[in-house]
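A.B. asks: Encoded as structure tokens, here's the structure I'll be asking about.
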Amino acid sequence: MQTLSIGELAERSGVASQAIRFYEKEKLMPPPRRTDANYRRYPLEVVDRLQFIVHAKQWGFTLQEIRELLMLQDANGDRAQAKRIAGEKLHKVREQIKHLTRIEAVLSKTLSECAGEGPMQEGCPIVEAIAEQAE
């Protein structure tokens with residue numbers, strides 16, 4: 000069975016060695032086999048696992064959510080649980096989109112109201128809008 004060193008795994012997966020060690024510590028990666036000299040050796044399949052972790056992070060999944068999905072995958076778990084996790088993530092993403100849409104509207108409005116000239120002490124619609132949102 001062909002195995003990879005941590006450097007080779009980093010190169011193939013595009014994930015830094017330090018991140019790989021972090022994912023091991025966080026139990027997202029199975030512990031690698033060790034050589035007599037205590038070097039890590041990884042099976043080729045972990046390249047796919049690392050790619051999954053990277054993609055899930057890009058989609059906004061937390062490490063805990065990724066861990067749960069990987070545990071389901073490893074144990075041939077129930078799809079209903081994976082669907083629940085994804086459904087919760089979708090709800091959070093939609094809430095973030097609503098929040099960002101409100102921010103975008105306020106920024107767009109204040110940018111059109113701001114002359115972009117003169118001293119700040121005369122008032123700035125951008126700063127005032129941000130201050131109002133903080134209250």
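Going by numbering that gives the first Met the number 0, 27 is the number at position 28 of the sequence shown; the sequence numbering is gapless. By construction, the Cβ of each residue, glycine as well, lies at the ideal position given by its N, Cα and C atoms.
#1: Per the DSSP calculation, proline 42 is bridged to which residue(s)?
#2: Drop a sphere of 10 angstroms on the beta-carbon of serine 111, count the other beta-carbons inside from all chains shown, and report buried for 16 or more, exposed for fewer.
#3: Out of Glu67, Pro31 and Ala9, which has the shortest C-alpha to C-alpha gap to alanine 85?
#4: Would you say lysine 82 touches the ligand ATP, meaning its beta carbon is less than 7 Å from a heavy atom?
#5: Would arginine 39 and proline 31 be called neighbours here (beta carbons separated by less than 8 Å)?
#6: Got a sec? Which residues, its chain only, sit under 8 Å from valine 92 by beta carbon, not counting five neighbours each side?
#7: When the distance is taken between beta carbons, is valine 46 closer than 8 Å to leucine 8?
#8: Using the DSSP secondary-structure output, state which residues sit across from arginine 11 in a beta bridge.
#9: Report the residue from Tyr22, Lys97 and Arg33 whose alpha carbon sits nearest the alpha carbon of valine 53.
C.D. replies: This is what the structure gives:
#1: Along the sequence shown, read from residue 1 onward, the residue named residue 42 stands at position 43. The partner list for proline 42 (beta bridge, DSSP) reads Thr2.
#2: For this step, residue 111 is matched to residue 112 along the sequence shown. The residue in question, serine 111, is exposed, as its Cβ has fewer than 16 Cβ neighbours within 10 Å.
#3: Stepping through the sequence shown from its first residue, residue 85 is reached at position 86. When each option's Cα is compared against that of alanine 85, the closest is Glu67.
#4: What this structure holds is no ligand at all, so the ligand ATP is not there to describe.
#5: Mapped onto the sequence shown, residue 39 falls at position 40. Mapped onto the sequence shown, residue 31 falls at position 32. Yes, these two residues count as a Cβ contact at 8 Å.
#6: Along the sequence shown, read from residue 1 onward, the residue named residue 92 stands at position 93. Cβ within range, chain order: Gly59.
#7: Here residue 8 refers to the residue found at position 9 of the sequence shown. Here residue 46 refers to the residue found at position 47 of the sequence shown. Cβ atoms of leucine 8 and valine 46: closer than 8 Å.
#8: Counting from one through the sequence shown, the residue named residue 11 turns up at place 12. According to DSSP, arginine 11 bridges with nothing at all.
#9: Mapped onto the sequence shown, residue 53 falls at position 54. The residue with the shortest Cα to Cα distance from valine 53 is Tyr22.
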